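Undergrad:
Number of protein chains: 2
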Amino acid sequence: MRLLIAEDDKLHRSFLERLVRHTFDGLEELTLTSDGAGAIEAFRSGKYDCVLLDLQMPKITGVDVAKTIWAKAPTTKILFWSNYTEEAYVRGITKIVPDAAVYGYILKSAPDEQLKLALQGVFVAEQCVIDREVRGVQRRADNRLSGLSELEFEALADLCLGLTDKAMAARRNVSLRSAQSRLQSLYQKLGLDKDDIPSGEWGASFNSRTRAISLALTQGILNADALRREEEKLQAWMSRSSA
Amino acid sequence: MRLLIAEDDKLHRSFLERLVRHTFDGLEELTLTSDGAGAIEAFRSGKYDCVLLDLQMPKITGVDVAKTIWAKAPTTKILFWSNYTEEAYVRGITKIVPDAAVYGYILKSAPDEQLKLALQGVFVAEQCVIDREVRGVQRRADNRLSGLSELEFEALADLCLGLTDKAMAARRNVSLRSAQSRLQSLYQKLGLDKDDIPSGEWGASFNSRTRAISLALTQGILNADALRREEEKLQAWMSRSSA
DNA sequence: AACGGTATTGCGGGTTCCCGCAAGTTCCCT
DNA sequence: AGGGAACTTGCGGGAACCCGCAATACCGTT
Numbered sequence: 345m346r347l348l349i350a351e352d353d354k355l356h357r358s359f360l361e362r363l364v365r366h367t368f369d370g371l372e373e374l375t376l377t378s379d380g381a382g383a384i385e386a387f388r389s390g391k392y393d394c395v396l397l398d399l400q401m402p403k404i405t406g407v408d409v410a411k412t413i414w415a416k417a418p419t420t421k422i423l424f425w426s427n428y429t430e431e432a433y434v435r436g437i438t439k440i441v442p443d444a445a446v447y448g449y450i451l452k453s454a455p456d457e458q459l460k461l462a463l464q465g466v467f468v469a470e471q472c473v474i475d476r477e478v479r480g481v482q483r484r485a486d487n488r489l490s491g492l493s494e495l496e497f498e499a500l501a502d503l504c505l506g507l508t509d510k511a512m513a514a515r516r517n518v519s520l521r522s523a524q525s526r527l528q529s530l531y532q533k534l535g536l537d538k539d540d541i542p543s544g545e546w547g548a549s550f551n552s553r554t555r556a557i558s559l560a561l562t563q564g565i566l567n568a569d570a571l572r573r574e575e576e577k578l579q580a581w582m583s584r585s586s587a
Numbered sequence: 345m346r347l348l349i350a351e352d353d354k355l356h357r358s359f360l361e362r363l364v365r366h367t368f369d370g371l372e373e374l375t376l377t378s379d380g381a382g383a384i385e386a387f388r389s390g391k392y393d394c395v396l397l398d399l400q401m402p403k404i405t406g407v408d409v410a411k412t413i414w415a416k417a418p419t420t421k422i423l424f425w426s427n428y429t430e431e432a433y434v435r436g437i438t439k440i441v442p443d444a445a446v447y448g449y450i451l452k453s454a455p456d457e458q459l460k461l462a463l464q465g466v467f468v469a470e471q472c473v474i475d476r477e478v479r480g481v482q483r484r485a486d487n488r489l490s491g492l493s494e495l496e497f498e499a500l501a502d503l504c505l506g507l508t509d510k511a512m513a514a515r516r517n518v519s520l521r522s523a524q525s526r527l528q529s530l531y532q533k534l535g536l537d538k539d540d541i542p543s544g545e546w547g548a549s550f551n552s553r554t555r556a557i558s559l560a561l562t563q564g565i566l567n568a569d570a571l572r573r574e575e576e577k578l579q580a581w582m583s584r585s586s587a
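Protein chains in written order, with my numbering: chain A, 345 to 587; chain B, 345 to 587.
#1: Based on the DSSP secondary-structure assignment, which residues constitute the bridge partners of B:W425?
#2: Should the stretch 460 to 469 of chain B be called in touch with the stretch 362 to 370 of chain B, which here means at least 3 C-beta pairs below 8 Å?
#3: Hey, how far is the Cα of B:F387 from the Cα of B:E361?
#4: Of all the options B:E496, B:C504 and B:Y392, which has the alpha carbon lying nearest to the alpha carbon of A:L561?
#5: Specify the secondary structure class of B:H356 as computed by DSSP and reduced to three states.
#6: For a test of the three-state rule: what should DSSP assign to B:R346, helix, strand or coil?
#7: Could you pull out every residue in the same chain whose Cβ sits closer than 7 Å to the Cβ of B:K391, ignoring the five residues on either side in sequence?
#8: Here's a check: name, in chain order, each residue in its chain whose Cβ is nearer than 8 Å to the Cβ of A:A432, leaving out the five neighbours to either side.
#9: Go to A:L530, then tell me how far its beta strand (DSSP E) extends in each direction, as first and last residue.
#10: Let me know the secondary structure DSSP gives A:E494 once reduced to three states.
#11: Compute the beta-carbon to beta-carbon distance between A:K510 and A:L520, rounded to the nearest angstrom, for a pair I have assumed lies under 8 Å.
#12: Looking at the C-beta of A:A511, does it have a partner C-beta in chain B at a distance below 8 Å?
#13: Comparing alpha-carbon positions, which option in B:L355, B:E351 and B:H356 lies nearest B:I335?
#14: Pull out every residue of the stretch 348 to 362 of chain B whose Cβ sits closer than 8 Å to any Cβ of chain A, in chain order.
#15: For A:F550, which of helix, strand or coil comes out of DSSP?
#16: Let me know if B:D398 comes out buried or exposed under the rule of 16 or more other beta-carbons within 10 Å of its beta-carbon.
#17: Helix, strand or coil: how does DSSP classify B:T405 here?
#18: Counting only the same chain and skipping the five closest in sequence on each side, list residues whose C-beta sits under 8 Å from that of B:G535.
#19: What residues in its chain sit with their C-beta under 6 Å from that of B:A444, if we drop five residues either side in the sequence?
#20: Hey, how far is the Cα of B:A580 from the Cα of B:R515?
#21: Considering only residues of the same chain and omitting the five flanking positions on each side of A:L578, which have a CB-CB separation below 7 Å?
#22: Which residues in the same chain as B:D502 place their Cβ atom closer than 7 Å to its Cβ, once the five residues preceding and following it in sequence are excluded?
#23: Taking Cβ to Cβ, would you say B:Q471 is nearer than 8 Å to B:V446?
#24: Round the Cβ separation of A:I437 and A:D475 to the nearest angstrom and send it over; I've been treating them as touching at under 8 Å.
#25: In the structure shown, what three-state DSSP assignment does A:V441 receive?
#26: Based on Cα-Cα distance, which residue from A:T377, A:T375 and A:W414 lies nearest to A:K439?
#27: Pull up the distance between the alpha-carbon of A:S529 and that of A:E496, whole angstroms please.
#28: Whole angstroms is fine: what's the gap from B:V434's alpha carbon to A:D456's?
#29: Taking just the CA atoms, how far does A:N427 sit from A:P402?
#30: Verify whether the separation of the beta carbon atoms of B:C394 and B:K421 is less than 8 Å.
#31: With DSSP as the reference, label A:I470 as helix, strand or coil.
#32: If we define contact as Cβ-Cβ less than 8 Å, is A:L503 a contact residue for chain B?
#33: Residues of chain A with CB under 7 Å from B:I413, in chain order?
#34: Please state whether the Cβ-Cβ distance between B:L396 and B:L363 is less than 8 Å.
#35: Got a sec: is the Cβ-Cβ distance from B:S529 to anything in chain A below 8 Å?
#36: Going by DSSP in three states, B:T377 sits in which element: helix, strand or coil?
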């Protein structure tokens, strides 16, 4: 087994190193990196068949790293190790995992024993090991009823970036009315009609547009990181389209 | 010295314990807790004169804990230990620190040596020790030019919660026009006029209202945590005002 | 081939928002 | 007292947004 680890927190990193060395005897290779760029760089050598990734890293996240790795070597076994079950990440992962790939998702809050099991499950037994809580989020994201469709998610992204209806229409190549339609169904999915707060006079006290962002954030559908990434995509599109 | 530590990450917690025990010999008392509620609970005993706090904790943050502690014992020495220099936190702290209090703010990314110095500086020498990066954010927040006034911050909060102009006016007890004025000056401070993106045809492609949220988030003026807290305040206000 | 589900698009009207102009207030500083 | 900065408030218009109604199109199923 040839293992690559990417984790920005130094305490967590050394913890992982100790645990991994203790769990696996026949470790042919073990490299530790502290950011996404370093991980991708290290992976270039082609030495590794197993990767352990922290999701939240500055600049390049674990999801980005996984994407690059799987693009080059789709059978690489990857275990994600993260703080929370942020839907923004989970959604990102299920979208990029190749059919053949083995992967796992475990929370940092899990006891050491579970982490150990996940390590062996994914890297040795080649099983997919998904933490129960994460599994729940995943199911919700797939479910058409409470989850957002791809189109609605795009609309949410554009909305959170602060685009106008017109700009959304231009970006997505649809009519103005369509962009607005997508927003409407987004609002509905987020529960913006029969909104909480049934208390009398404050019925119309929410602005759908901004309230949608608020809800998306508190529900973890989007987070500041994801936003920054979307911002970059937007910038790229804008320079491309004006050229 | 009687020290109380609150830190939710178990690795960081045990690291702190080791470091603290190694730094201070004459430690009369040392307690570790893993969340804000536990810290407040433990502090009730009145045994502690020094506290080491992680800022980001679920439910009750380090800022909340500090507030409660200082309300009861304003001379308690507190050292904040946190991941980032989130303006939302820094702003919160400078607002609640009593005149007489000694406190410090150090980043988790700092080398052990600096943390050790901060521990001794704050708890023994009774100096205020503020990390250089944090200091920068602090200054920016105090600076009228780039920082937000209290009123503008309120407007931002309301905006991010998804309130309409009318609702903001009602909540803050001002006229509709005033609420809008506050928004305008907020937009200006956030740089929503001479916005980035000078690229030709996309001049009016941003919706001020939502773009403001986007900027606030990416600039770290607000984060998901802070938002959740504001949401609670809002709920409280709504039930109070309808009663 | 008929059919429900999903998405796109136009139209039109009511609402909300953005903001320039201008007058008034409060408070602090010299 | 006077000057000034920050804040409030009204008015009014132009732009943006929300959304119901309705026609059309595409797709996989039966």
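Yeah, the Cβ is synthetic: ideal placement off N, Cα and C, and Gly gets one too. This one's a predicted model, so the numbers in the text were calculated from it and none came from an experiment.
TA: In terms of the structure at hand:
#1: B:D398 and B:I450
#2: yes
#3: 18 Å
#4: B:C504
#5: helix
#6: strand
#7: R346 and E373
#8: G564, I565, L566, N567, D569 and A570
#9: Taken as a continuous stretch (DSSP letters only), A:L530 belongs to no beta strand (DSSP E), being part of the alpha helix (DSSP H) at L520 to L534.
#10: helix
#11: 6 Å
#12: yes
#13: Residue coverage of chain B in this structure runs from 345 to 587, which leaves residue 335 of chain B outside it and unanswerable.
#14: D353, L355, H356 and F359
#15: strand
#16: buried
#17: coil
#18: L559
#19: P418 and T419
#20: 11 Å
#21: L505
#22: M512 and R515
#23: yes
#24: The pair is not a contact, with the Cβ atoms about 12 Å apart (cut-off 8 Å).
#25: coil
#26: A:W414
#27: 7 Å
#28: 33 Å
#29: 14 Å
#30: yes
#31: The sequence given here has Glu at residue 470 of chain A, not Ile. Reduced to three states, the DSSP call for A:E470 is coil.
#32: yes
#33: What B:I413 touches in chain A: nothing, since even the nearest Cβ is about 26 Å away.
#34: no
#35: no
#36: strand
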